[in-house]
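What follows is a short report on a single structure.
In full-length UniProt numbering, the protein residues as written are 1 to 601.
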């Protein structure tokens with residue numbers, strides 16, 4: 001079997017030919033790095049993913065964590081894989097040298113996470129959540145909090161979670177009821193219940209550090225009264241040693257259809273005297289702090305979706321190349337040799353669709369990561385601010401588009417496998433189950449859509465939208481005079497103009513006291529917006545592929561570049577036209593869903 005975790009020819013094409021990640025080494029933070037260090041890191045990630053993450057993926061899915069005698073029992077292969085992960089430095093890869101990190105660009109980290117996720121997403125979730133937790137403490141915690149928690153978390157001795165969701169609140173964070181009472185020693189005592197807390201309890205680390213949203217007694221109602229607290233599973237003494245068990249208790253495990261190897265927990269805070277919590281930053285600013293972790297996690301969800309869709313596509317491609325079945329319709333002689341199913345047009349159509357989704361999504365994720373690197377570490381303040389604005393408007397797309405369309409790639413992979421795809425003897429059904437969770441992780445499509453249309457497109461007087469529009473228009477201008485790309489440049493220009501008009505219509509409606517109606521079909525707007533963005537990234541890929549598709553190029557490289565051009569052609573002819581009907585519906589301000597009485601259902 002060929003490598004089914006990642007197509008490294010594609011990854012290198014995106015990193016170096018499309019996104020030019022080597023330019024990041026000009027930033028002072030990354031001066032010590034080069035393409036050689038980037039490649040070595042990615043190769044190490046692949047080695048660990050192949051040898052330690054992937055071999056136990058099916059076993060972990062079959063033998064999911066169990067709540068036994070008050071503790072969570074997980075197969076030992078998970079600890080062994082995490083030990084390799086942390087020993088190689090991936091737990092602190094993007095962090096400062098002073099914290100034991102490598103100061104790697106976030107972009108390189110995302111590439112590595114796509115590989116680890118393809119091998120075993122449930123294992124990767126533990127360090128991913130921990131790293132996001134550590135970033136919040138690093139940015140908003142006190143010096144004492146940083147000294148006490150950061151190093152153990154980056155080393156993998158402590159792991160972290162974010163505890164937002166409550167049974168009665170769900171995604172409505174304004175309805176959170178967990179309370180925090182001030183104690184005489186400056187700490188707080190928390191009481192409440194949290195559910196769906198990924199990684200909320202296990203024995204994989206010495207300690208678990210929960211970041212908990214709660215309301216200090218007397219705080220305002222709604223999200224404006226939420227504060228953020230560090231709540232360790234086991235209290236940590238001033239010298240860093242572990243103290244008493246905190247009043248945080250596992251109420252039970254939630255067993256999901258996918259990601260079975262990641263504990264999903266119900267946690268009770270304060271069954272006795274109250275869980276000891278330490279306020280992060282200022283009171284009533286908890287949601288602001290937590291949004292950093294949520295936004296990082298949203299990008300991570302998109303990358304996770306890419307990993308599951310990408311490996312499914314590679315498994316389907318490998319299967320189709322090696323599965324003989326049937327003959328062409330015009331071939332009537334049953335004694336002739338059967339064809340590999342890649343020879344059948346319907347299989348080619350499905351594989352091409354999956355390729356356009358997963359390679360487009362990987363490009364999207366890596367592009368978003370370069371924006372994060374430039375925003376955080378760029379040497380030019382204007383460029384850094386511009387990257388931050390682009391990242392703001394694209395975050396809902398970075399999370400939601402791969403979550404939807406890489407799941408489509410999973411479904412296609414199952415179909416390509418035929419009846420075998422629906423059995424557990426082949427991994428594609430597991431990839432589908434794992435990826436099916438991503439459309440709801442860190443905010444549903446509907447929530448991302450409300451964020452995009454309700455806030456992002458009109459923020460800063462529409463500046464982020466204009467910056468993105470300019471980027472797209474620059475690519476259109478560069479490609480419209482190239483005969484092989486003129487068709488696609490023209491189509492992208494028209495689609496962007498249609499999206500512009502639709503955006504203006506909806507934003508104007510919201511300003512005219514029709515916000516509820518305008519936002520009714522926000523999810524459709526999100527899909528159309530994402531399609532335009534991914535079409536833009538495909539045109540960028542086609543532009544570079546065309547310039548590199550020379551006779552002097554090696555045979556394998558020419559085949560790869562022709563594949564890029566074919567996927568771009570598919571996306572423009574089969575996918576992008578779908579937004580026409582969507583945008584026309586949105587502009588009509590259709591009231592079908594808005595006026596629906598639930599009693600009619």
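Every residue gets a Cβ at the ideal spot worked out from N, C-alpha and C, and that includes glycine.
**Prompt:** Which residues bound the alpha helix (DSSP H) around residue 624?
**Reply:** No answer is possible for residue 624: the residues shown for the chain start at 1 and end at 601.
**Item:** Three-way DSSP call (helix, strand, coil) for residue 383 in this model
**Value:** helix
**Prompt:** Excluding five sequence neighbours on each side, which residues of the same chain lie with their C-beta closer than 6 angstroms to the C-beta of residue 402?
**Reply:** 302, 305, 306 and 361
**Message:** Classify residue 468: buried if its beta carbon has 16 or more other beta carbons within 10 angstroms, exposed otherwise.
**Reply:** buried
**Request:** Ignore the nearest five residues each way along the sequence and tell me which others in residue 387's own chain have a CB closer than 6 angstroms to its CB.
**Result:** 371, 374 and 375
**Asked** Do you know offhand how far residue 491's Cα is from residue 572's?
**Response** 7 angstroms
**Request:** Kindly indicate which residue of 544, 350, 236 and 223 has the alpha-carbon position closest to the one of residue 210.
**Result:** 236
**Prompt:** With respect to 7 angstroms, is the separation between the Cβ of residue 581 and the closest non-hydrogen atom of the ligand SAM below this value?
**Reply:** With respect to the ligand SAM, the structure shown offers nothing to examine, as it has no ligands at all.
**Boundaries (first-last residue) of the alpha helix (DSSP H) holding residue 534** = 522-548
**Message:** Looking at the strands, I want to know which residues DSSP matches up with residue 67.
**Reply:** 72
**Message:** If I follow the unbroken beta strand (DSSP E) through residue 226, where does it start and stop?
**Reply:** 226-232
**Request:** Report buried or exposed for residue 15, applying the criterion of at least 16 other Cβ atoms within 10 angstroms of its Cβ.
**Result:** buried
**Request:** Measure the Cβ-Cβ separation of residue 82 and residue 92 and say whether it is below 8 angstroms.
**Result:** no
**Asked** For residue 187, does the three-state DSSP call read helix, strand or coil?
**Response** coil
**Request:** Would you check if the distance between the CB atom of residue 392 and the CB atom of residue 456 is smaller than 8 angstroms?
**Result:** yes
**Request:** Report yes if the CB atom of residue 166 is closer than 8 angstroms to the CB atom of residue 195, and no otherwise.
**Result:** yes
**Rounded Cβ spacing between residue 135 and residue 294 (contact assumed at less than 8 angstroms)** = Not confirmed; about 11 angstroms, so no contact.
**Short Cβ contact (8 angstroms threshold) for residue 182 with residue 227** = no
**Asked** Beta carbon of residue 445, beta carbon of residue 523: below 8 angstroms?
**Response** yes
**Request:** Tell whether a beta-carbon distance below 8 angstroms holds between residue 258 and residue 434.
**Result:** yes
**Request:** Consult DSSP for residue 280 and reduce its assignment to one of helix, strand or coil.
**Result:** coil
**Request:** Since I believe residue 498 is in contact with residue 453 (beta carbons under 8 angstroms), could you give me their beta-carbon distance rounded to a whole number of angstroms?
**Result:** Contact doesn't hold; Cβ gap of about 16 angstroms is too wide.
**Prompt:** Ordered along the chain, which non-local residues of its own chain (more than five positions away) have a Cβ less than 6 angstroms from that of residue 633?
**Reply:** Residue 633 is absent from the structure shown; the chain starts at 1 and stops at 601.
**Message:** Within 10 Å of its beta-carbon, does residue 564 have 16 or more other beta-carbons around it, so buried, or fewer, so exposed?
**Reply:** buried
**Item:** residue 272 (DSSP reduced to helix, strand or coil)
**Value:** coil
**Prompt:** So, using beta-carbon positions, are residue 341 and residue 323 closer together than 8 angstroms?
**Reply:** yes
**Asked** Which parts of the segment 403-428 are runs of the beta strand (DSSP E), unbroken and 3 residues or longer, counting only runs that do not cross its ends?
**Response** none
**Message:** Can you tell me whether residue 1 is helix, strand or coil according to DSSP?
**Reply:** Residue confidence is low: residue 1 scores 49 on pLDDT, short of 50, so the model does not pin down where it sits. Its coordinate-derived value is still stated next. The answer is coil: DSSP assigns residue 1 none of H, G, I, E or B.
**Message:** Once the 5 residues before and after residue 116 are set aside, which same chain residues still bring their CB inside 7 angstroms of it?
**Reply:** 45, 49, 53 and 124
**Message:** Among 381, 397, 354 and 506, whose alpha-carbon lies nearest the alpha-carbon of residue 415?
**Reply:** 354
**Item:** Three-state secondary structure (DSSP) of residue 122
**Value:** helix
**Request:** Drop a sphere of 10 angstroms on the beta-carbon of residue 600, count the other beta-carbons inside from all chains shown, and report buried for 16 or more, exposed for fewer.
**Result:** exposed
**Message:** Residues in the same chain with beta-carbon distance under 7 angstroms from residue 246, minus the five sequence neighbours each way, listed in chain order, please.
**Reply:** 231, 232, 233, 234, 235, 275 and 276
**Message:** For a test of the three-state rule: what should DSSP assign to residue 159, helix, strand or coil?
**Reply:** strand
**Request:** Measure the C-alpha to C-alpha separation of residue 2 and residue 318 and round it to an integer number of angstroms.
**Result:** 7 angstroms
**Asked** What residue from 288, 265, 278 and 250 has the CA that sits closest to residue 271's CA?
**Response** 250
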